[in-house]
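The structure appears right after this line, and notes come after that.
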Amino acid sequence: MVVSTINDSSPLSFSNDTTIPASTFSSNSFVNVEKGDPVAFGPYWEKLRDECMIEIKGDEWMSYFGDANNLCWYMVPPMRDAILRLHNAVGNVVTKDKFLVLGTGSSQLYQALLYALSPSEPSDRPINVVAATPYYSEYKDATDILQSRLFQWIGDAALYDKDEPYIELVTSPNNPDGTLRAPVVNSGAEGKVIYDLAYYWPQYTPITYEVDHDVMLFTFSKCTGHAGSRIGWAFVKDIEVAKKMIRFVHLNSIGVSKESQIRAAKMIEVICDGYQNLKSTKSDHLFFDYGKRLMKERWEKFKGAIEQSKIFTLTKYPTSYCHFNKDLSEQYPAFAWLKCMEGIENGESYLEKLKIRTRGGERFGVDAKYVRVSMIGTNDEFIELCTRLSNAKRE
Ligand SMILES: Cc1ncc(COP(=O)(O)O)c(C=O)c1O
Numbered sequence: 067m068v069v070s071t072i073n074d075s076s077p078l079s080f081s082n083d084t085t086i087p088a089s090t091f092s093s094n095s096f097v098n099v100e101k102g103d104p105v106a107f108g109p110y111w112e113k114l115r116d117e118c119m120i121e122i123k124g125d126e127w128m129s130y131f132g133d134a135n136n137l138c139w140y141m142v143p144p145m146r147d148a149i150l151r152l153h154n155a156v157g158n159v160v161t162k163d164k165f166l167v168l169g170t171g172s173s174q175l176y177q178a179l180l181y182a183l184s185p186s187e188p189s190d191r192p193i194n195v196v197a198a199t200p201y202y203s204e205y206k207d208a209t210d211i212l213q214s215r216l217f218q219w220i221g222d223a224a225l226y227d228k229d230e231p232y233i234e235l236v237t238s239p240n241n242p243d244g245t246l247r248a249p250v251v252n253s254g255a256e257g258k259v260i261y262d263l264a265y266y267w268p269q270y271t272p273i274t275y276e277v278d279h280d281v282m283l284f285t286f287s288k289c290t291g292h293a294g295s296r297i298g299w300a301f302v303k304d305i306e307v308a309k310k311m312i313r314f315v316h317l318n319s320i321g322v323s324k325e326s327q328i329r330a331a332k333m334i335e336v337i338c339d340g341y342q343n344l345k346s347t348k349s350d351h352l353f354f355d356y357g358k359r360l361m362k363e364r365w366e367k368f369k370g371a372i373e374q375s376k377i378f379t380l381t382k383y384p385t386s387y388c389h390f391n392k393d394l395s396e397q398y399p400a401f402a403w404l405k406c407m408e409g410i411e412n413g414e415s416y417l418e419k420l421k422i423r424t425r426g427g428e429r430f431g432v433d434a435k436y437v438r439v440s441m442i443g444t445n446d447e448f449i450e451l452c453t454r455l456s457n458a459k460r461e
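Here the numbering used here is used: the first residue of the sequence shown is 67, the next is one more, and so on.
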């Protein structure tokens, strides 16, 4: 059994028989739920720390190259095999007839894609980049930081009606609001779509079908919670697009850290071995089962706090059949997207007064009545967040 060193009498639940232990948070400190740092799954990995150990000797993985025979020459074979094995186990994407491109986080691959999907010559008319609001707040800054003559940020995809080529970003489930999305641009011009599937994993949303698009982005950060490893990958149908992305990664960082790849491959192997040896693995020792249970418990607690506060309303999510978990399930997004009730104009500053740090709607292209709250931070922060929300009184 893969997770054999876990003490069978104390699974990943705590004395109150939930996945959420009591908080030790100081009431004077700010609760910071502004960022999406996915440390919530830390207690799971802590229990599996021995199984996840890797050893890299002094002379190993020294080369820039990971596999000179692969188009993505800096990717090591264990990383490629682990990614394919994971998707095969989860059934969330069609990997056949696609090129796999590895990046230093999917953030690097986003930049690589902008480069690869833009016209090859700079022009006075850079290609327009759009995403339906509310959109992932980093897209805008990441697009405009170098003030490129190849591409430029335009904003809301739903308002795009120019007769000019464009790149549309579709994040599904969406950050910040968790909704399932499809392209929305209504223009006759030539458009290319980047699907960002960072949250299409069973702990956040039912896996309803195998997604199959020309360009799809994934990140290790939100899959297992190991954001610090900086591993992301893309499945790309067109070899010319894949080649341009690889050229970008070459010029930007000459590949992706081999140590990170080896570690990520190991974590994925541990997850997949658990599901492969299903009969001998307890359900809370299975990563996605544990992750889903944690997210469900957090969402139930959070909804209770929001109802008590009577200050915000929450996005509602549909129930669907999950082919991975083989059950009907709701979504448990990585972020909660709150809207202030009548009379409160700025959610972020309202919560700031309660010593809760959040990210306001304007960063996501909508108004300040909306606010995003991370559901994947530390347990202490999460418990304190719920306590402060339930105790909140309208001024
Ligand atoms: C939708 C989305 N895409 C991409 C990323 C970045 O992922 P990475 O850590 O792999 O750069 C995030 C991180 O929050 C995200 O929410």
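The beta carbon of each residue, even a glycine, is placed where N, CA and C say it ideally should be.
Computed from a prediction, not measured in an experiment: that's the story for all the values here.
Distance between E325 and S129, taken at the CA atoms: about 11 Å.
In terms of side-chain proximity, the C-beta atom of N241 is found nearer than 6 Å to a non-hydrogen atom of ligand 1. A distance below 6 Å between beta-carbons, with the five flanking residues on each side excluded, links W219 to the following residues of its chain, in chain order: V195, K206, T209, D210.
Inside the stretch 246 to 303, DSSP marks whole beta strand (DSSP E) runs of 3 or more residues at positions 257 to 262, 281 to 285, 297 to 302, from first to last along the chain. Ranked by Cα distance from L180, the first of I149, E408, R146, E234 is E234.
Within the stretch 201 to 245, the runs of alpha helix (DSSP H) that reach at least 4 residues and sit entirely inside it are, in chain order, 204 to 210.
The C-beta distance from F430 to Y201 rounds to 6 Å, short enough to fall under 8 Å. Annotation: E335 to K392 spans about 22 Å, alpha carbon to alpha carbon.
Per DSSP, the unbroken beta strand (DSSP E) holding Y387 starts and ends at 386 to 388. Here Y356 is buried: its Cβ has 16 or more other Cβ atoms, across all protein chains shown, within 10 Å. Using a C-beta cut-off of 8 Å, the stretch 305 to 322 makes contact with the stretch 133 to 140, since at least three inter-stretch Cβ pairs fall below that distance. T424 counts as buried, since at least 16 other C-beta atoms from the protein chains shown sit within 10 angstroms of its C-beta.
Beta-bridge annotation (DSSP): W403 is paired with R438. With 16 or more other CB atoms across the displayed protein chains lying within 10 angstroms of its CB, T444 is buried.
Residue state for A458 is assigned as coil, using DSSP reduced to three classes.
Scanning its chain for C-beta atoms nearer than 7 Å, with the 5 sequence neighbours on each side dropped, one finds around K332 the residues C118, I120, in chain order. In this structure, D446 sits away from F107, with a CB-CB distance that is not shorter than 7 Å. Between the stretch 258 to 275 and the stretch 352 to 369, the count of Cβ pairs shorter than 8 Å is three or higher; the stretches touch.
G298 has its CB nearer than 6 Å to a heavy atom of ligand 1.
DSSP, reduced to helix, strand and coil, places L352 outside both helices and strands of the structure shown, so it counts as coil. A distance criterion of 6 Å places the beta-carbon of A293 in contact range of ligand 1, judged by its closest non-hydrogen atom. Within the chosen limit of 6 Å, ligand 1 reaches the beta carbon of T237 through at least one heavy atom. G169: not part of any alpha helix (DSSP H); member of the beta strand (DSSP E) spanning 165 to 170, first to last residue.
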